[in-house]
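Worksheet for the structure shown next.
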Amino acid sequence: DHELYRQRPRREPHIKRVFFYARPPTPRRAFEFGLLVLEAVSRRLPDTQFILAGWDVSDYHIPFPHLAAGVISPGELADVFSQCDTALVLSLTNLSLMPLEVMAAGCAVVSNRGDCVEWLLNDDVALLTDPTLEALSDALCHLLQDDTARQALCERGQYFARQQHWQASAEAFEQGLLTARALLPAAADRVVQ
601 DHELYRQRPR REPHIKRVFF YARPPTPRRA FEFGLLVLEA VSRRLPDTQF
651 ILAGWDVSDY HIPFPHLAAG VISPGELADV FSQCDTALVL SLTNLSLMPL
701 EVMAAGCAVV SNRGDCVEWL LNDDVALLTD PTLEALSDAL CHLLQDDTAR
751 QALCERGQYF ARQQHWQASA EAFEQGLLTA RALLPAAADR VVQ
(Lines of atoms letter the chains of each structure in order from A and count residues from 1; the text may use other names and numbers.)
(Lines give C-alpha, C1' and ligand atoms only; values in the text may rest on other atoms or scores of the structure.)
Protein backbone atom coordinates (compact mmCIF):
# COMPACT_ATOMS: atom_id res chain seq x y z
CA ASP A 1 0.00 0.00 0.00
CA HIS A 2 1.93 2.99 -1.31
CA GLU A 3 -0.28 5.48 0.54
CA LEU A 4 0.17 3.82 3.92
CA TYR A 5 3.82 2.80 3.72
CA ARG A 6 5.66 6.01 2.95
CA GLN A 7 8.36 8.01 4.64
CA ARG A 8 7.18 10.28 7.42
CA PRO A 9 9.20 12.96 9.20
CA ARG A 10 11.54 11.68 11.92
CA ARG A 11 10.58 13.05 15.32
CA GLU A 12 13.99 12.36 16.89
CA PRO A 13 16.46 11.96 14.01
CA HIS A 14 19.46 12.07 16.34
CA ILE A 15 18.46 8.76 17.97
CA LYS A 16 19.56 5.63 16.12
CA ARG A 17 16.81 3.02 16.03
CA VAL A 18 16.52 -0.58 14.84
CA PHE A 19 13.18 -2.25 14.13
CA PHE A 20 12.69 -6.00 14.55
CA TYR A 21 9.54 -7.91 13.68
CA ALA A 22 9.37 -10.00 16.83
CA ARG A 23 7.00 -12.89 16.30
CA PRO A 24 7.99 -15.88 18.46
CA PRO A 25 5.26 -18.29 17.26
CA THR A 26 6.35 -17.92 13.62
CA PRO A 27 9.53 -20.00 13.25
CA ARG A 28 10.48 -18.51 9.87
CA ARG A 29 10.95 -15.13 11.58
CA ALA A 30 13.85 -16.51 13.69
CA PHE A 31 12.82 -14.62 16.82
CA GLU A 32 15.46 -16.05 19.18
CA PHE A 33 18.24 -15.65 16.63
CA GLY A 34 17.13 -12.07 15.97
CA LEU A 35 17.38 -11.30 19.68
CA LEU A 36 20.96 -12.59 19.71
CA VAL A 37 21.80 -10.33 16.77
CA LEU A 38 20.22 -7.29 18.44
CA GLU A 39 21.95 -8.06 21.73
CA ALA A 40 25.30 -8.06 19.91
CA VAL A 41 24.45 -4.69 18.33
CA SER A 42 23.38 -3.26 21.70
CA ARG A 43 26.73 -4.25 23.23
CA ARG A 44 28.64 -2.54 20.41
CA LEU A 45 26.37 0.51 20.08
CA PRO A 46 24.72 0.92 23.50
CA ASP A 47 22.95 4.17 22.60
CA THR A 48 20.91 2.44 19.90
CA GLN A 49 17.21 2.03 20.58
CA PHE A 50 15.40 -1.17 19.57
CA ILE A 51 11.72 -1.38 18.71
CA LEU A 52 10.07 -4.79 18.61
CA ALA A 53 6.59 -5.21 17.15
CA GLY A 54 4.43 -8.04 15.90
CA TRP A 55 3.64 -9.92 19.13
CA ASP A 56 3.31 -9.40 22.86
CA VAL A 57 6.82 -10.28 24.04
CA SER A 58 6.36 -9.14 27.63
CA ASP A 59 6.76 -12.72 28.90
CA TYR A 60 10.11 -13.19 27.14
CA HIS A 61 13.51 -12.34 28.57
CA ILE A 62 15.01 -9.78 26.22
CA PRO A 63 18.55 -8.96 27.39
CA PHE A 64 18.81 -5.40 26.11
CA PRO A 65 16.79 -2.19 26.49
CA HIS A 66 13.93 -2.07 24.00
CA LEU A 67 10.43 -0.83 23.32
CA ALA A 68 8.00 -3.72 22.95
CA ALA A 69 5.22 -2.25 20.81
CA GLY A 70 3.33 -5.55 20.59
CA VAL A 71 0.66 -6.00 17.95
CA ILE A 72 -0.02 -2.64 16.35
CA SER A 73 -2.15 -1.40 13.46
CA PRO A 74 -0.70 -1.10 9.95
CA GLY A 75 -0.75 2.70 10.29
CA GLU A 76 1.18 2.57 13.55
CA LEU A 77 3.59 0.07 12.02
CA ALA A 78 4.22 2.36 9.04
CA ASP A 79 5.03 5.19 11.45
CA VAL A 80 7.38 2.98 13.48
CA PHE A 81 9.24 2.03 10.29
CA SER A 82 9.69 5.73 9.51
CA GLN A 83 11.18 6.38 12.94
CA CYS A 84 13.86 3.70 12.51
CA ASP A 85 17.19 3.80 10.71
CA THR A 86 17.40 0.08 10.02
CA ALA A 87 15.23 -2.99 10.28
CA LEU A 88 16.34 -6.55 10.83
CA VAL A 89 14.04 -8.62 8.62
CA LEU A 90 14.81 -12.32 8.96
CA SER A 91 13.12 -14.99 6.89
CA LEU A 92 14.11 -18.65 6.97
CA THR A 93 11.51 -20.00 4.54
CA ASN A 94 9.59 -17.34 2.65
CA LEU A 95 9.65 -13.58 2.54
CA SER A 96 6.59 -11.44 3.19
CA LEU A 97 5.75 -7.90 2.13
CA MET A 98 7.50 -6.54 5.21
CA PRO A 99 10.82 -5.61 3.56
CA LEU A 100 8.95 -3.66 0.88
CA GLU A 101 6.87 -1.88 3.52
CA VAL A 102 10.00 -1.08 5.54
CA MET A 103 11.83 0.26 2.48
CA ALA A 104 8.82 2.31 1.37
CA ALA A 105 8.87 4.02 4.78
CA GLY A 106 12.50 5.07 4.33
CA CYS A 107 14.15 2.48 6.56
CA ALA A 108 17.16 0.39 5.49
CA VAL A 109 16.63 -3.38 5.42
CA VAL A 110 19.18 -5.88 6.71
CA SER A 111 18.30 -9.48 5.92
CA ASN A 112 19.75 -12.94 5.59
CA ARG A 113 20.87 -14.34 2.27
CA GLY A 114 19.07 -17.32 0.78
CA ASP A 115 16.79 -18.24 -2.08
CA CYS A 116 13.80 -17.52 0.14
CA VAL A 117 14.93 -13.87 0.35
CA GLU A 118 16.85 -13.24 -2.85
CA TRP A 119 13.93 -13.94 -5.17
CA LEU A 120 12.80 -10.43 -4.17
CA LEU A 121 15.68 -8.60 -2.49
CA ASN A 122 19.15 -7.94 -3.84
CA ASP A 123 22.32 -6.19 -2.71
CA ASP A 124 21.28 -2.95 -4.38
CA VAL A 125 18.16 -2.44 -2.25
CA ALA A 126 18.98 -4.27 1.01
CA LEU A 127 22.06 -5.24 2.96
CA LEU A 128 22.04 -9.02 2.63
CA THR A 129 24.46 -11.14 4.64
CA ASP A 130 25.11 -14.71 5.57
CA PRO A 131 22.67 -15.79 8.29
CA THR A 132 25.24 -15.63 11.08
CA LEU A 133 25.30 -13.63 14.28
CA GLU A 134 28.52 -11.87 13.30
CA ALA A 135 27.51 -11.01 9.73
CA LEU A 136 24.06 -9.66 10.62
CA SER A 137 25.26 -7.65 13.63
CA ASP A 138 28.15 -6.24 11.56
CA ALA A 139 25.68 -5.21 8.85
CA LEU A 140 23.40 -3.42 11.30
CA CYS A 141 26.32 -1.66 13.00
CA HIS A 142 27.74 -0.61 9.62
CA LEU A 143 24.48 1.07 8.61
CA LEU A 144 23.98 2.66 12.02
CA GLN A 145 27.48 4.17 11.87
CA ASP A 146 27.66 5.13 8.18
CA ASP A 147 24.93 7.68 7.48
CA THR A 148 25.97 8.06 3.83
CA ALA A 149 25.77 4.33 3.09
CA ARG A 150 22.48 4.01 4.98
CA GLN A 151 20.90 6.97 3.22
CA ALA A 152 21.94 5.69 -0.21
CA LEU A 153 20.51 2.24 0.58
CA CYS A 154 17.28 3.83 1.85
CA GLU A 155 16.87 5.83 -1.35
CA ARG A 156 17.40 2.79 -3.58
CA GLY A 157 15.09 0.73 -1.38
CA GLN A 158 12.34 3.34 -1.51
CA TYR A 159 12.56 3.54 -5.29
CA PHE A 160 12.45 -0.26 -5.56
CA ALA A 161 9.45 -0.52 -3.20
CA ARG A 162 7.52 2.11 -5.17
CA GLN A 163 7.99 0.04 -8.35
CA GLN A 164 6.24 -3.00 -6.85
CA HIS A 165 2.56 -3.40 -7.69
CA TRP A 166 0.04 -6.20 -7.20
CA GLN A 167 -0.72 -6.45 -10.92
CA ALA A 168 2.93 -6.97 -11.85
CA SER A 169 3.31 -9.56 -9.08
CA ALA A 170 0.21 -11.43 -10.26
CA GLU A 171 1.52 -11.45 -13.84
CA ALA A 172 4.93 -12.74 -12.72
CA PHE A 173 3.23 -15.48 -10.69
CA GLU A 174 1.07 -16.43 -13.65
CA GLN A 175 4.13 -16.59 -15.90
CA GLY A 176 5.88 -18.83 -13.38
CA LEU A 177 2.93 -21.23 -13.36
CA LEU A 178 2.80 -21.29 -17.17
CA THR A 179 6.53 -21.98 -17.35
CA ALA A 180 6.24 -24.77 -14.78
CA ARG A 181 3.32 -26.30 -16.68
CA ALA A 182 5.26 -26.18 -19.93
CA LEU A 183 8.20 -27.95 -18.28
CA LEU A 184 6.05 -30.58 -16.62
CA PRO A 185 5.73 -32.98 -19.61
CA ALA A 186 9.49 -32.82 -20.22
CA ALA A 187 10.18 -33.58 -16.57
CA ALA A 188 7.69 -36.47 -16.61
CA ASP A 189 9.41 -37.93 -19.68
CA ARG A 190 12.77 -37.89 -17.88
CA VAL A 191 11.30 -39.69 -14.87
CA VAL A 192 9.75 -42.44 -17.02
CA GLN A 193 12.97 -43.10 -18.92
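Numbering of the sequence shown is given in the working numbering, commencing with residue 601 and proceeding in unit increments. Where a beta carbon is used, it is the ideal one built from N, C-alpha and C, also for glycine.
Pick from Thr732, Ser737, Leu736, Leu727 that is closest to Ala749, judged by C-alpha positions: Ranking Thr732, Ser737, Leu736, Leu727 by Cα distance to Ala749 puts Leu727 first.
Buried or exposed by the 16-neighbour rule on C-beta atoms within 10 Å, applied to Gly706: The residue in question, Gly706, is buried, as its Cβ has 16 or more Cβ neighbours within 10 Å.
Boundaries (first-last residue) of the alpha helix (DSSP H) holding Leu638: 631–644
Host alpha helix (DSSP H) of Ser682 (start-end): Annotation for Ser682: the continuous alpha helix (DSSP H) segment containing it runs 674–682.
Complete alpha helix (DSSP H) runs within the segment 699–787 (minimum length 4 residues, chain order): 715–718, 733–745, 747–762
Three-way DSSP call (helix, strand, coil) for Arg617 in this model: strand
The beta strand (DSSP E) enclosing Phe664, as first and last residue numbers: No beta strand (DSSP E) holds Phe664; DSSP gives it neither H nor E.
Inter-residue CB distance, Ile651 and Ala630 (contact presumed, cutoff 8 angstroms): Actually they do not touch by this definition, with Cβ atoms about 17 angstroms apart.
Element boundaries [beta strand (DSSP E), containing Thr686]: 686–689
Buried versus exposed, by CB contacts within 10 Å (16 or more), Glu774: Flag for Glu774 reads exposed.
Touch test, the segment 668–684 against the segment 720–738, Cβ-Cβ under 8 angstroms, three pairs minimum: At 8 angstroms Cβ cutoff, the stretches do not touch.
Proximity below 9 angstroms, CB of Arg795 to CB of His602: Summary: the structure shown does not reach residue 795, with the chain confined to residues 601 through 793, and so no result is reported for it.
Arg644 and Cys741 closer than 9 angstroms at C-beta: yes
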